[in-house]
Structure formats: C-alpha cells, structure tokens
Amino acid sequence: MKWFALIAVVITGSLLIYGVSDFPDWGDAQSPANAGAKSSTGEPIGESVSQFYITETGRLTHVPNLVTAVLADYRGYDTMFETVVIFAAGMAIFAILRVLREDKHTLGPPAKDTTADGDHGRIIVGTTCKILIPVIQLFSLYVVAHGHYSPGGGFQGGVMLGASFILLAVAKDLGSALTWFTEKRFMTLACVGILIYAGFGLMAQFLQRHFLDYGVLHVILPKTDEVMARSHSMLGVEIGVAFTVTAIMFAIYANLSSRGELKRGL
Amino acid sequence: MKEFFETSIEPHFNYWVYVILMMIGLWAVIAKNNLIKKLIGMSIFQTAIILFYVSVGVKKGSGIPIIPKAKEAAAGAGEHGAAGAVNPDLFANPLPHVLMLTAIVVGVSTLGVALAVAQQLFKDFGTLEEDEILEQIKTADKASPDG
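Protein chains in written order, with the numbering used here: chain A, 36 to 301; chain B, 274 to 420.
Next comes the structure, spelled out in structure tokens:
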C-alpha cells in the first residue's frame, strides 16, 4: 500500500511540476486569469471577467469591496448553493450523530455545575470570557454589516459569531452555551438564513426579472434606484449567509463535542 | 543550477509550493492507516488548492480588491464617457478570493461531517485504524454468512 501510494504521489507530483513550466509567472498582471486569454501573437481574444468586475462594479453596484460584489451579486447562484452545502452539512451531522432517545446507559455522570461558587479554578477564564464574548459578537456583526466597504461579509462574520458561542461552550460548558443558543434556535436560524437568501431571489422573480437579479428590487425598497437596490440586496443576502453559517458552525461543534447528546461538552 | 533556479523556480515558486503541499496531502490520504490522519491529509490538500487559486490572482504592485470611493470613480467614468476610470492593474483579481472564501467555509463544514462519521465509526468499532475496522467487518461477515 505504501509503495503504491509513493508511486501515485510521485507520478502526480511530477506531472504537475511538468505542467508548471507553462504557467504564467507569479504576480503577472497580464496572465490569462487576470487579463483574459491572448492568442499566440499577443492579441486579446476574449474579455476577462475579472477585468469587468474591477472596472464596472463601481458603476453598476456602488460597492467598493469587489469581493463582496462578486460573491453576492455576480456569482449569487454559487454563493446560494454554497450556503445550502453548509446547511446540508449541518443536517448530515444531525442525522449521523444526534441521539434523540434518552438512553440511561450511555449517559455519563451528571455535568459538574461550573457556575457554583466553589469552582475557583474557572474564575479567570470565566471573567475573561464575560468581557471578551460581547466584544467578539459586536465585532462579528460589524464585519457582516460592513462587508461592502472593508474586508468582511456574511461568511467571515458568521464564522466569528459562531466561534463566540463555541468559546462560551469551551470556557464554561456546553450546557450554558445551549441555554442561550438552544438547538431549536440554531436549527431555525439555519433555515431562516437560507430562506432570506432564496427570498431575495424569489422577490426578483416575482417582479418579472431573473432569479437573484436584484436591480429590480428598487420598486419595493424605499428611496433606492436600480444601482443602490443591488447594493442593499447584497447586504440582505450576506445577513442570510451569516445566519446559516453561525448556526451550522455552532451545531457542528455542539454535536461533535457531546457525541450527539447535546448535554455535556468536552 | 543558478540559471535553472532563476528561470524556472523563482518565477513559479508559488506553483512549486502548491505541488509539494498537494503531494504531502495526497500521500497522507492514500498511505496513512488512521482515519483522522487521512482527514488531516485532506485538509492539507485543500490548503494547497486554496494557495494555488489565491496566488494566481496576485498582480505585482496591486492592492486589495477594494476600490476607495467607488461612487466617485464611477461618476468620473460617466463624465468622461469611458470606463477607464478604474485601472485594473492596481487591484488584485477578486475572483479567486471569492471562490476560495466560500471554499474555506464549505471545507470546514465537510470536515465536520467527516469527523462526525469518524466519531460514529469509533463508537461502533472502538478503533480508527482502517485495517482493524476492515478485519472486524470481515470476521463479522464470516460469523453470519447469510447477513
């Protein structure tokens, strides 16, 4: 098995290295990926979609952060189904691990009450978390809401918000995190995120445009023209993405760390 | 040797790094016996692909793909009647960033599913070594040939 693996790895690696010699140099602004394909004489034979994104996004959407604009508008379908993949991953973990039946034999000893006064070992950790977690959550909301203007957006902010709940679960115990963020709440939040995203697409369809063609939403959004409607809808779908990512990140941690019982964490 | 380094390794060093990382990941996925080590190999493989994509979008001398004052730049383009107000060479290629942004989060979720399956396997077989699991399945098959 090891020899077979070594041969396969070496063959794959040498083929890839052989291919590398045809690749454009590092940092080449005129490479096909950056500036579009060129014929052998150097004539451009097709417009690069990246060039279009860089030069036209400002005019068409008024969004400074090109990554957000491409993510939520031009490649809206892709992002929607990436969110669905995350949702499906959460559901798969639920289906694989979650123990719904109360089984007396698999339960360990009852969870130690770490909030009691006697537990001095966790005072420093607990106080630090009390101070840090609100700041982390506030910052993650800023990352979501400010994704148009600075690096950030739904995925990053959602992961940070989920991580703040995971921090609570690690520092205290899973039970105290679950009292704030119950299973019913995070499952609902995951569904609501997807529905928000799909809802923006469907609204555009009801207004007789293509699915996820946000420009037409200026009809129902107050005080917007076609350009700003795209910008505002991007914020909307990013919030949907953030909901789903937050919920599923916490669901993955909660199920994995408690072996699907959602009682006692690590 | 020096000439070889300057002509084929130095301008392509990002591709060399990604190929090496990819080989490490592939080796771990194929050759390692422990399922968790296989998953670590899968993550290294994924990291190699992410590195490849992001390094393809690099332009020398460009900044992050955020256009300051996008509205004003767009208005300037409208006045002069051309879309040339934004110079594409000054901004990194946003497309690989977008693709990898979603790939990272999806990678984390799929890794979570893989870990859940591994946890369930450990619950059933008491081990995460591939050959031991296969042996247990074989002996279970021999014990009940009709099943």
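Every residue gets a Cβ at the ideal spot worked out from N, C-alpha and C, and that includes glycine.
Predicted, not measured: the structure shown is a model, and the values here were computed from it.
Query: C-beta atoms of L203/A and I158/A nearer than 8 Å; Result: no
Query: Y112/A at chain B interface by Cβ criterion, 8 Å; Result: no
Query: Contact list for L324/B against chain A, beta-carbon separation under 8 Å; Result: Within 8 Å Cβ-Cβ: nothing; L324/B doesn't reach chain A, min ~12 Å.
Query: Closer than 8 Å to chain B by CB, G228/A; Result: no
Query: Beta-carbon proximity check, H370/B vs V44/A, cutoff 8 Å; Result: no
Query: Same chain, Cβ closer than 6 Å to Y291/B, five either side skipped, listed in chain order; Result: A321, L324, F325
Query: Cβ-Cβ separation, A365/B to K332/B (assumed contact under 8 Å), whole Å; Result: 6 Å
Query: Nearest-angstrom beta carbon gap, A282/A and L224/A [assumed within contact, 8 Å]; Result: 4 Å
Query: Assigned exposure category for R220/A - 16 Cβ within 10 Å defines buried; Result: exposed
Query: Euclidean distance between Cα positions of K411/B and D404/B; Result: 10 Å
Query: Close beta carbons around F278/B, own chain, < 6 Å, minus the five adjacent residues each side; Result: none
Query: Per DSSP, the bridge partner or partners of G336/B; Result: F364/B
Query: Contact set for V194/A: own chain, Cβ-Cβ below 7 Å, skip 5 residues either direction; Result: V280, M284
Query: Chain A contacts made by the stretch 330-343 of chain B, where a contact means CB separation under 9 Å; Result: G330, V331, K332, K333, G334, S335, I337, P338, I339, I340, P341, K342, A343
Query: Enclosing alpha helix (DSSP H) for T279/A [first to last residue]; Result: 261-292
Query: For Q191/A, the nearest candidate out of L176/A, F200/A, V205/A (CA to CA); Result: L176/A
Query: N- and C-terminal bounds of the alpha helix (DSSP H) containing R220/A; Result: 218-241
Query: Where P79/A sits in the DSSP three-state scheme; Result: strand
Query: Proximal residues of chain A, C-beta to C-beta of M295/B below 8 Å; Result: T47, G48, L51
Query: Helix, strand or coil at K298/A [DSSP, three-state]; Result: coil
Query: Short Cβ contact (8 Å threshold) for A277/A with V119/A; Result: no
Query: Interface flag, A389/B vs chain A, CB-CB below 8 Å; Result: yes
Query: Under 7 Å from the C-beta of K37/A: neighbouring residues of chain B; Result: A304
Query: Assigned secondary structure, N69/A (DSSP; H/G/I helix, E/B strand, else coil); Result: helix
Query: Partners in chain B for V305/A, counting only beta-carbon separations shorter than 7 Å; Result: Chain A is shown only over 36 to 301; residue 305/A falls outside these bounds and no answer can be derived.
Query: With 16 other Cβ atoms within 10 Å as the buried cut-off, status of H253/A; Result: buried
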